[in-house]
Amino acid sequence: MAQFETVEVTTDLLIIGGGMAACGAAVEAAHWAKKHNLKVTVVDKAAMDRSGAVAMGLSALNQYVGMDAKGRSPLDYVKYVRNDLMGIARDDLVYDIGRHVDGSVHLFEKWGLPIWKDDEGKYVFEGPWQLMINGESYKVIVSEAAKNAMATLGANGELYERIFIVEPLMDGDRVAGAVGFSVRENKFYVFKAKAVIVGMGGAVHVFKPRSTGEGFGRSWYPPFNTGSSAYFTLKSGCEMTCQEVRFIPVRFKDAYGPVGAWFLLFKSRATTALGGEYMVERRPELENWKPYGLVKPIPANLRNYLMMLDTQEGKGPAYMRTEEALGKIIDAEPDEKAKKKKMKEIESEAWEDFLDMTISQAILWAATNTSPEEKASEIQACEPYFIGSHSGASGAWLSGPEDLAPPEYFWGYNGMATVKGIFCAGDASGASSHKFSDGSHAEGRIRAKAAIAYIVDNPDQPKVDAGQVDQLRKTILQPMETFEEFSGLTDNADVNENYIRPQQFMYRLQKIMDEYAGGASTQFATNKPYLDRGLELLAFLKEDSEKLAAEDLHELMRCWENVHRMWQAESHVRTVMAREETRWPGYYFRADHPKMDDANWKVFVNCKWDPKTGNWEIMKRDVIPMEG
Ligand SMILES: Cc1cc2nc3c(=O)[nH]c(=O)nc-3n(C[C@H](O)[C@H](O)[C@H](O)COP(=O)(O)OP(=O)(O)OC[C@H]3O[C@@H](n4cnc5c(N)ncnc54)[C@H](O)[C@@H]3O)c2cc1C
973 MAQFETVEVT TDLLIIGGGM AACGAAVEAA HWAKKHNLKV TVVDKAAMDR SGAVAMGLSA
1033 LNQYVGMDAK GRSPLDYVKY VRNDLMGIAR DDLVYDIGRH VDGSVHLFEK WGLPIWKDDE
1093 GKYVFEGPWQ LMINGESYKV IVSEAAKNAM ATLGANGELY ERIFIVEPLM DGDRVAGAVG
1153 FSVRENKFYV FKAKAVIVGM GGAVHVFKPR STGEGFGRSW YPPFNTGSSA YFTLKSGCEM
1213 TCQEVRFIPV RFKDAYGPVG AWFLLFKSRA TTALGGEYMV ERRPELENWK PYGLVKPIPA
1273 NLRNYLMMLD TQEGKGPAYM RTEEALGKII DAEPDEKAKK KKMKEIESEA WEDFLDMTIS
1333 QAILWAATNT SPEEKASEIQ ACEPYFIGSH SGASGAWLSG PEDLAPPEYF WGYNGMATVK
1393 GIFCAGDASG ASSHKFSDGS HAEGRIRAKA AIAYIVDNPD QPKVDAGQVD QLRKTILQPM
1453 ETFEEFSGLT DNADVNENYI RPQQFMYRLQ KIMDEYAGGA STQFATNKPY LDRGLELLAF
1513 LKEDSEKLAA EDLHELMRCW ENVHRMWQAE SHVRTVMARE ETRWPGYYFR ADHPKMDDAN
1573 WKVFVNCKWD PKTGNWEIMK RDVIPMEG
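Written as structure tokens, this is what we have:
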């Protein structure tokens, strides 16, 4: 096998990931690190300008509390999030992000992000909490600011791109850094750090996607994030929360185009082909999910569920009634000239909404001769994703802010996981969803401040055992050795009894999750026997992960991406199994416990993998709401 150089980097704060949370962390870390003469190192598996879920751009900032603009309080936002999560949320964490998010939005504007304004110069809201933006360069702008901030540290600010982080480094019960490899050069990286901020996003392609064959690779969640945050925190022994709370968005079918602008800005209706308007006709069903079902806005999972009830009865396809919505807007104009002008304006807004963030949807419309003003478009529930920053809630269980957290939620540093020195933000932190892109940025800023405070209080560099590093290097590069050793034994490198290639491994994982853990093909339903069988099959998959083979560096990354997905999968299955109720129909349905059970299950279900014993533990934690 080709020789790999080992590159060692010693730093104070290591920020892993280059997405929204990491960019926020970098900006804030630079400020505090300068004061204390500390070094900050950022590592991204991709190029930060276009990495993570915002790579393609976005058309809205989904969290704006509007403390000045609307006179609202972060507590108003807490109430919205708590209800959307069917009562299960960490109010202290949500409040903390809420009181800082407007600041991130104002920074974005200062850095050059065009936010829509009305004639009076006020922000244009898409919905109650969302601001419209021209966001095709959103990530480039945010990343430029992060790089500029890091540059002010001189030699004490380092950015490494195209390094895939695989494993945590530990010094007993304290994090000591991370190891990974370059996806472009034969280099193995050892980052030694006093504290680590985990910002490697959520996970996609854990479940079989609806887009297979010709469409494979299309998904709502961009394919870059593969469960690395969950893996890193699980493997270091962190307690995790809400691993059962996956997210299933309803989106334009096949190209996964966003629906927010249609529902909120254009006020479009959704109907099924035979069943009329499910949000109206199925309304009595919401009684079964009270109090959450009766509050506005209706939780995202319940909106999904009402649509699913119709499609499961064979009343599909479901449609976004674009033609009707645009027609209504045009009809409101007083004369023909104004109608024409309005039509041009909203037509371009409709297309731009896709071009800003899901270009493939615009291409699909063009390819299928779809004019939204003439014809409705199909919508559908996607496959499940793990995105704790959006409408899911999976992630690490964190200490809250000192001034807000009850004692049960506080252990010293704001945003620190249950392992010393690990801080988590964005999709990596749990039970604090609906922070979206700008809230993730704000959370990154909060974490960086706390992580630097932790480093100041704990200035000694954790010990890194050379034997631990050697063993990790061997394990991480093993798939390349395996391929080299055995690939010549057959004339088709895909068919070989000595190894499994990463794509085959991923298909197996996706099939297990789809069929046993409530994927799209089982209408998102599962039960204990299915989950038991799923765990059994996951155990075989785990055994076979030692036989993964990689032809090159790119495949080596694919191998480890899939191992990370597999751990995300296992924690999900275990937690879905532990929670013996159905709380989020529309995200998943426990057919053996089809009702919500507030008396027994209005709690967090947390899980933890013990690095010493290799055993999993499941624990209940109280939900402690703030006032209001
Ligand atoms: C389709 C879609 C539409 C959305 N629409 C909106 C919207 O309209 N408005 C809004 O405000 N929010 C929106 N969001 C939410 C927003 O994108 C996320 O909340 C936000 O990006 C989360 O930030 P993050 O830093 O946790 O993850 P990301 O921004 O995804 O960043 C993750 C980072 O980790 C890196 N990484 C991953 N694995 C590794 C590894 N092993 N080693 C090193 N680096 C790694 C990635 O390269 C990336 O830099 C949307 C999300 C999706 C998926």
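To get this note's numbering, take the position in the sequence shown, counting from 1, and add 972. Heads up, the beta-carbon is just placed ideally off N, CA and C, and yes, glycines get one too.
Under the three-state reduction of DSSP, Met992 is assigned to helix. The closest heavy atom of ligand 1 lies 7 Å or more from the beta carbon of Lys1119.
Annotated three-state conformation of Trp1588 is strand, per DSSP. Runs of the beta strand (DSSP E) lying entirely within the segment 1388 to 1472, each at least 3 residues long, are 1394 to 1396 in chain order. The beta carbon of Ile1137 sits closer than 7 Å to at least one heavy atom of ligand 1. Rounded to the nearest angstrom, the gap between the Cα atoms of Met1122 and Trp1573 is 45 Å. Three or more beta-carbon pairs separated by less than 8 Å link the segment 1388 to 1395 to the segment 1155 to 1171, which places the two stretches in contact. For the beta strand (DSSP E) assignment, the uninterrupted runs of no fewer than 3 residues enclosed by the segment 1120 to 1173 are, from N- to C-terminal side, 1129 to 1132, 1135 to 1143, 1146 to 1154, 1159 to 1164 and 1167 to 1170.
For Thr1294, the uninterrupted alpha helix (DSSP H) run begins and ends at Thr1294 to Asp1303, by DSSP. Exposure of Phe1188 is indicated by the presence of fewer than 16 other C-beta atoms within 10 angstroms of its C-beta.
Cβ atoms of Ala1290 and Ala1242 come within 8 Å of each other, at about 6 Å. DSSP places Asp1582 in the coil class of the three-state scheme, outside both helix and strand. Leaving aside the five residues that flank Thr978 on each side, the residues in its chain whose CB is nearer than 6 Å to its CB run, in chain order, Phe1160. Distances between the C-beta of Tyr1095 and the heavy atoms of ligand 1 are all 7 Å or more. DSSP places Met1039 in the coil class of the three-state scheme, outside both helix and strand. Distance between Val1545 and Ala1489, taken at the CA atoms: about 6 Å. Each of Lys1407, Val1391, Arg1505 and Thr1462 was checked against the Cα of Asp1145, and the nearest Cα belongs to Val1391. If you ignore the 5 residues before and after Ile1448, its C-beta comes within less than 6 Å of the C-beta of Val1138, all in its own chain and listed in chain order.
Close CB contacts of Val999 within its chain, under the 7 Å cut and outside five residues either way in sequence, are with Ala1117, Ala1118, Ala1121 and Arg1417 (chain order). Here the distance from the Cβ of Lys1225 to the nearest heavy atom of ligand 1 is not below 7 Å.
In the three-state reduction of the DSSP assignment, Gln1102 falls in the coil class. Val1252 counts as exposed, since fewer than 16 other beta carbons sit within 10 angstroms of its beta carbon. In the three-state reduction of the DSSP assignment, Asp1375 falls in the coil class.
A distance below 6 Å between beta-carbons, with the five flanking residues on each side excluded, links Tyr1357 to the following residues of its chain, in chain order: Val1176, Tyr1193 and Phe1219. The Cβ atoms of Ile1472 and Leu1509 do not sit closer than 8 Å to each other. The beta carbon of Glu1599 lies closer than 8 Å to those of Leu1047 in the same chain, with the five residues before and after it left out. By the CB criterion at 8 Å, Glu1081 and Ala1032 fall outside the cutoff.
Across the structure, Ala1334 and Pro1583 are spaced so that their CA atoms are roughly 47 Å apart. Comparing alpha carbon positions, the residue from Thr1330, Arg1293 and Tyr1067 closest to Gly1029 is Thr1330.
In the structure shown, Ser1349 falls within a strand segment according to DSSP collapsed to helix, strand and coil.
According to DSSP, Ile987 shares a beta bridge with Val1014 and Ile1169. Contact between Met1020 and Leu1131 is confirmed by a C-beta separation of about 7 Å, below the 8 Å threshold. One alpha carbon belongs to Glu1108, the other to Lys1006, and they sit about 32 Å apart.
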